[in-house]
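Below: the structure, in structure tokens.
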Amino acid sequence: MFKTPLAITTLIVFLAYGVLMMFISYRSSRQQQIKTGKQFFLGNGVSPFVLMFSTLAALCSTWVVMGCTTTTFTTGWQWIALVVLYQQSFSLAAGYLGPRIWKLRQAYDYASHGDLVAHYYDNSSVLRYLIAFSYFMLCVFHTLGQLSAMGLAVGTATGINPKVIIVLIAAFVVIYSFVGGYRGTALIDTIQGMIFTFVIFGGFLVVLYKIGGPANLFSEVFAVDPKLVIYNGNMEGTRWPLVTALSFCFIGAVGGITTPSFWLRYYTASKPQDIIDRMSIRTGILASIVVPLTSGLIGLSAHAFVARGAAVIDNPSTVFQSLMSQIGGNYWVLLLVLACIAAGMSTVASNMNMSALTVTYDIVHVAKKDISEEKLKNVGRVVMMILVIIGAILAMY
19 MFKTPLAITT LIVFLAYGVL MMFISYRSSR QQQIKTGKQF FLGNGVSPFV
69 LMFSTLAALC STWVVMGCTT TTFTTGWQWI ALVVLYQQSF SLAAGYLGPR
119 IWKLRQAYDY ASHGDLVAHY YDNSSVLRYL IAFSYFMLCV FHTLGQLSAM
169 GLAVGTATGI NPKVIIVLIA AFVVIYSFVG GYRGTALIDT IQGMIFTFVI
219 FGGFLVVLYK IGGPANLFSE VFAVDPKLVI YNGNMEGTRW PLVTALSFCF
269 IGAVGGITTP SFWLRYYTAS KPQDIIDRMS IRTGILASIV VPLTSGLIGL
319 SAHAFVARGA AVIDNPSTVF QSLMSQIGGN YWVLLLVLAC IAAGMSTVAS
369 NMNMSALTVT YDIVHVAKKD ISEEKLKNVG RVVMMILVII GAILAMY
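Residue numbers for the sequence shown follow our numbering, so the first one is 19 and each next one is one higher.
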């Protein structure tokens, strides 16, 4: 399991990183004095900077390290353009919807998504239960995907058994989310968002340096297969015809703005202008251009390095790790492990918080109206643990 120096070093770095995250969560809990369920799940407002990077971290899960580079490697440049349009579509739409939801929450003291929707429909308990069940199932399977991806990515890069990685990550996320609540998690997400942005952008600079600039990148990939760098929606065999691209972005604009990672932050912003400026515009730029653009181009460049004989890609699912370890060295493996863990853990933590919030307030609180806020906080913590345990077991087996 830990037979190589790289595996041992990775485990040490991983454990140190987890301890640091738990310490930050502990300090946050001591400062904010969490006493009620709403304080635990929603905090008392976060700074614009934390709102921006915590939203980025929750949005950009392990797909920015694995999925984006892999899909660009297999389908070409058009995937980057599609993701940029998709991310922009729902980020800008969130800037319109988010401030209005924030004002409704301030006016009616909503705790969950179900509060707002049920209130509009005469406090329908059926709608509350449906939303709670839907969000819980969404978060379980999304958590399963994140844990599986982190286990695969770290295991492939270092040789560590993926099940060990899954168990460690699940344990760390449960502990720091359990202790620090939303505010502690948001602070950790901010750090994690900065980490994977730095690593991905740094990896992109290494690729440009090694390949001789963007002009060489595109010309060499074009020589491998012109379809990888030319988009023609009417081209025979194209994977992303124009109608697919437009409908994909439309769904993002209409449905993406209601995802847990966005909805939760509509409620927790300090003021509505923060949602427009930091969450919608600035996070939108980071989430749609800086991260997927650079990550996607790394995946695209792998074709050029393979053609040069400088890299071998055996598994497209791990193209980022394989390429960077071959052209950058083992220290890049450690950085990519941190980036993958940071991206995945932040999304898992967001899933835990949102699913526990909606189950606690849309099922437990509705069924037992006289329950105290202290007990609601504890119920939420139990739901968090159940969610991650289910996700971890499914991810391993």
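Every residue gets a Cβ at the ideal spot worked out from N, C-alpha and C, and that includes glycine.
Between G169 and I193, the C-beta gap is not smaller than 7 angstroms, which leaves the two residues out of contact.
When the alpha-carbon of G220 is set against those of L311, I411, S47 and D332, the nearest one is in L311.
Between the region 387 to 405 and the region 336 to 351, the count of C-beta pairs closer than 8 angstroms stays below three; the two stretches do not touch.
In the DSSP assignment, the residues bridged to V64 are A287. In the assembly as shown, Y35 is a buried residue. Its beta-carbon has 16 or more other beta-carbons within 10 Å. L74 is positioned such that its CB atom lies closer than 7 angstroms to that of A305. About 5 angstroms separates the Cβ atoms of S279 and S368, confirming a contact at the 8 angstroms cut-off. If you compare the alpha carbons of G273, A150 and F323 with that of S109, the shortest gap goes to G273. The Cβ neighbour count for P232, taken over all protein chains shown within 10 Å, is under 16; the residue is labelled exposed. The C-beta separation of L145 from V135 comes to about 6 angstroms, placing the pair in contact by the 8 angstroms criterion. For secondary structure counted as the alpha helix (DSSP H) over 4 or more consecutive residues, the region 82 to 154 holds these complete runs in sequence order: 85 to 93, 96 to 126 and 131 to 138. Of all C-beta pairs linking the region 399 to 413 to the region 156 to 166, three or more are shorter than 8 angstroms, placing the two stretches in contact. Burial state of F196 is buried, judged by a 10 Å Cβ sphere holding 16 or more other Cβ atoms. The alpha-carbon of L315 is positioned some 24 angstroms away from that of F268. Excluding the 5 residues flanking it on each side, Y126 has same chain C-beta neighbours closer than 8 angstroms at D133, L134 and H137, in chain order. DSSP places V308 in the helix class (H, G or I) of the three-state scheme. Per DSSP, the continuous alpha helix (DSSP H) segment holding D207 begins and ends at P180 to I229. Going by DSSP, T376 is part of the alpha helix (DSSP H) stretching over N348 to V377. The criterion of a C-beta distance shorter than 7 angstroms is satisfied by K181 and M414. Taking the Cβ atoms as the reference, L100 lies roughly 19 angstroms from A320, outside the contact range of under 8 angstroms.
When C-alpha distances from A76 are compared across L282, V217, N141 and S265, the shortest belongs to L282.
Counted as a single uninterrupted DSSP element, the stretch harbouring S298 is not any alpha helix (DSSP H), since DSSP gives it neither H nor E. By a beta-carbon distance limit of 8 angstroms, I359 contacts I187. Their separation comes to about 7 angstroms. Residue nearest to T336 within the set G63, V83 and V64 is V83 (criterion: CA-CA distance). Scanning L29, Y284 and A287 for the CA closest to the CA of G177 turns up L29.
Spatial neighbours of Q164 in its own chain (CB-CB distance under 7 angstroms, excluding positions within 5 residues in sequence) are listed in chain order as S79, T80, G362, T365 and V366.
For T277, the secondary structure class from DSSP, reduced to helix, strand or coil, is coil.
Per DSSP, reduced to three states, the secondary structure at K53 is coil, with no helix or strand assignment. Contact check between the region 293 to 304 and the region 49 to 58: fewer than three CB pairs, one atom from each, fall below 8 angstroms, which does not count as touching. Around the C-beta of A129, 16 or more other C-beta atoms lie within 10 Å, and the residue is accordingly described as buried. Looking at F32, V31 and S65, the one whose alpha-carbon comes closest to that of Q291 is S65. By the neighbour-count criterion, in which a residue is buried when 16 or more other Cβ atoms sit within 10 angstroms of its Cβ, L223 is exposed.
Between Y153 and T376, the C-beta spacing is below 7 angstroms. The residue from F338, Q344 and E391 with its alpha-carbon nearest to that of T89 is F338.
DSSP places I381 within a helical segment (H, G or I) once states are collapsed to three.
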